[in-house]
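Below is one structure, written out as structure tokens; the observations come after it.
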Amino acid sequence: MCTPEIAFSHLVLQDGTRLRIPYWDLRSHRPGPVLLVMAAQHGNEISGSAAIEQFVAEIAPELRAGRILALPFANPLALRARRPHFDLGPEQPYIDSHQNMAMYWPGDATGRDSQRLTAALWHDLVLPATHIIDLHCYPRSAAPLIMIADQAETIALAECLGFPFIRLLALNEGWTGALRWQAGRLGKVVVGCELSGQYRVYPGEVQRGKQALLNAAGFLGLSPEPPLAAPAAKYLQMEKYLEVRAPHQGLFIQTAGAPGSLLQAGQEIGCLLSEQTLQCSSISAPVDAYLLRSCARPDCDVALPDQHQFVFAQDVLAVLAPA
93 MCTPEIAFSH
103 LVLQDGTRLR
113 IPYWDLRSHR
123 PGPVLLVMAA
133 QHGNEISGSA
143 AIEQFVAEIA
153 PELRAGRILA
163 LPFANPLALR
173 ARRPHFDLGP
183 EQPYIDSHQN
193 MAMYWPGDAT
203 GRDSQRLTAA
213 LWHDLVLPAT
223 HIIDLHCYPR
233 SAAPLIMIAD
243 QAETIALAEC
253 LGFPFIRLLA
263 LNEGWTGALR
273 WQAGRLGKVV
283 VGCELSGQYR
293 VYPGEVQRGK
303 QALLNAAGFL
313 GLSPEPPLAA
323 PAAKYLQMEK
333 YLEVRAPHQG
343 LFIQTAGAPG
353 SLLQAGQEIG
363 CLLSEQTLQC
373 SSISAPVDAY
383 LLRSCARPDC
393 DVALPDQHQF
403 VFAQDVLAVL
413 APA
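Plus 92 on top of the position in the sequence shown (first one is 1) and you've got the working numbering.
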């Protein structure tokens, strides 16, 4: 039995404002791994925060060894802005930001505000941790998945979490300031999880995230409960993805299941209602495949027009991973 303590990471912003970031600190009376679970590096990715709250409530009575650091709001500045990054304006593209904290690990206590955030969290939470699970959220049009470095210990942890898909990355692939790379260089096991859905708390994704964290605690021996059995995750290879494109312009009306669904060859993904002729063209999966992403555009995480399902000829209607 463990009583979670609320602790704080402190920093001073560029304008002199003092900020404290709360987290739960759960300590057992036996040595063991130190698991850091965190969410909301981006302020519109909030289902993971709810998952962490539920995880803490369930794991506290079960904690038998080690320590858990639980950080539901890694970036309170972006959370308050209700946007991915706190320097973005309405419908401003994600990549325009100069304050994406996910790019700035291990941070700089005298740098820009995003660097100050990461510096404080790095010192107080990342350095003590042996294992890290970082919860993010894709847009609702994308399937949940895990992205990890191609390392045996990391793969073993990722496979127990119960996510449907895993994508392996080189340790230094992507941003050089990514937590995966910087903490991985110190020998820490880092698993990045993408739930599905932004801006709102999605109960199904909260359950997915909570169960993943409970599974991790069992796998690492922090609790006596073994990981919940789940179907084996499918490993994704981007070079094998298939794009299904619109044959003409019109309104795409999706009829297939949610992102992540398995489609049979020839199964309808949706129909495309022509703006010009009012004829409806059936759009089908060319092979047995998983639906990774449905009709959406690159800035759909910040702009409502990019979520719109009116498409032009050759727009991408779906991204599939062959089964």
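The beta carbon of each residue, even a glycine, is placed where N, CA and C say it ideally should be.
What you are looking at is a predicted structure, and each value in this text was computed from that prediction instead of being measured.
Spatial neighbours of residue i in its chain, beta-carbon cut-off 7 Å, leaving aside the 5 residues before and after
{"i": "P493", "result": "Any property of residue 493 remains undetermined from this structure, which presents the chain solely from 93 to 415."}
{"i": "E145", "result": "P164"}
{"i": "L171", "result": "A132, G135, F165"}
{"i": "S141", "result": "A131, A132, P164, F165"}
{"i": "A248", "result": "none"}
{"i": "G269", "result": "M195, Y196, W197"}
Residue i versus the options, residue with shortest Cα-Cα distance
{"i": "L227", "options": "Q106, A194, I247, D242", "result": "A194"}
{"i": "F257", "options": "R159, G296, P295, Q329", "result": "Q329"}
{"i": "E335", "options": "Q399, K302, A413", "result": "A413"}
{"i": "E150", "options": "Y115, P96, F100, L169", "result": "P96"}
{"i": "P318", "options": "G254, P351, G349", "result": "G254"}
{"i": "Y440", "options": "H190, V293, H215, L409", "result": "Residue numbering for the chain in the displayed model covers 93 to 415; residue 440 lies beyond these limits and cannot be assessed."}
{"i": "I138", "options": "R175, A350, E251", "result": "R175"}
{"i": "A321", "options": "G310, V298, I247, Q346", "result": "G310"}
{"i": "S315", "options": "Q299, S189, A99, V148", "result": "V148"}
{"i": "C252", "options": "R300, N167, P114", "result": "R300"}
{"i": "H215", "options": "H190, E297, L271", "result": "L271"}
{"i": "L260", "options": "A143, Q191, A250", "result": "A250"}
{"i": "I187", "options": "D407, P390, V408, L409", "result": "P390"}
{"i": "R159", "options": "S120, S189, A324", "result": "S120"}
{"i": "G342", "options": "E331, P351, D407, G349", "result": "D407"}
{"i": "A350", "options": "S206, G108, G296, P323", "result": "G296"}
Beta-carbon contacts of residue i that lie in its chain and below 6 Å, excluding the five residues immediately before and after
{"i": "T210", "result": "M193, Y196, W197, G199"}
{"i": "V403", "result": "A338, F344"}
{"i": "E245", "result": "V281"}
{"i": "A173", "result": "G135"}
{"i": "L213", "result": "S101"}
{"i": "K302", "result": "A143, Q146, F147"}
Chain-order list of residues whose beta-carbon lies under 8 Å from that of residue i (same chain, five-residue window excluded)
{"i": "A262", "result": "A241, D242"}
{"i": "H340", "result": "L364, S366, Q368, S373, A405"}
{"i": "A221", "result": "V126, L127, L128, L161, A275, K280"}
{"i": "R110", "result": "H102, L103, V104"}
{"i": "R208", "result": "L103, V104, L105, Q106, G199, D200, A201, T202"}
{"i": "D380", "result": "L354, L355, Q356, A357, P414, A415"}
{"i": "P323", "result": "P256"}
As assigned by DSSP and simplified to three states, the class of residue i
{"i": "Q346", "result": "strand"}
{"i": "E297", "result": "helix"}
{"i": "F178", "result": "coil"}
{"i": "R272", "result": "helix"}
{"i": "L127", "result": "strand"}
{"i": "K302", "result": "helix"}
{"i": "F165", "result": "coil"}
{"i": "H228", "result": "strand"}
{"i": "W116", "result": "strand"}
{"i": "Y327", "result": "strand"}
{"i": "Y186", "result": "helix"}
{"i": "E150", "result": "helix"}
{"i": "R208", "result": "helix"}
{"i": "E286", "result": "strand"}
{"i": "L278", "result": "coil"}
{"i": "V411", "result": "strand"}
{"i": "G362", "result": "strand"}
{"i": "M239", "result": "strand"}
Supposed contact pair residue j and residue i - C-beta distance, whole angstroms, cut 8 Å
{"i": "R112", "j": "A157", "result": "About 29 Å; that fails the 8 Å criterion."}
{"i": "Q290", "j": "R204", "result": "Q290 to R204, Cβ: 24 Å. No contact."}
{"i": "H223", "j": "L312", "result": "6 Å"}
{"i": "L118", "j": "L169", "result": "Rounded, the Cβ-Cβ distance is 26 Å, inconsistent with contact."}
{"i": "Y327", "j": "V411", "result": "Not quite, the Cβ-Cβ distance comes to about 16 Å (not below 8 Å), so this is no contact."}
{"i": "I361", "j": "Q346", "result": "7 Å"}
{"i": "L217", "j": "Y115", "result": "7 Å"}
beta-carbon residue i near the ligand PLP non-hydrogen atom, thresh 6 Å
{"i": "G254", "result": "As presented, the structure is devoid of all ligands, the ligand PLP included, so that no description of it is given."}
Beta carbon proximity, residue i to chain C, threshold 7 Å
{"i": "A244", "result": "The structure shown contains no chain C; it is built from a single protein chain."}
Subject >> At least three beta-carbon pairs within less than 8 Å, the segment 373 to 385 to the segment 354 to 361 >> reply: yes
Original post:
When the Cβ atoms of the segment 227 to 242 are set against those of the segment 276 to 288, are three or more pairs found closer than 8 Å?
Top reply: yes
**OP:** Give a yes or no on contact between the segment 180 to 187 and the segment 391 to 410, applying the rule of three or more CB pairs nearer than 8 Å.
**Re:** yes
**OP:** Say whether the segment 296 to 306 touches the segment 383 to 393, bearing in mind that this needs 3 or more beta-carbon pairs closer than 8 Å, one atom from each stretch.
**Re:** no
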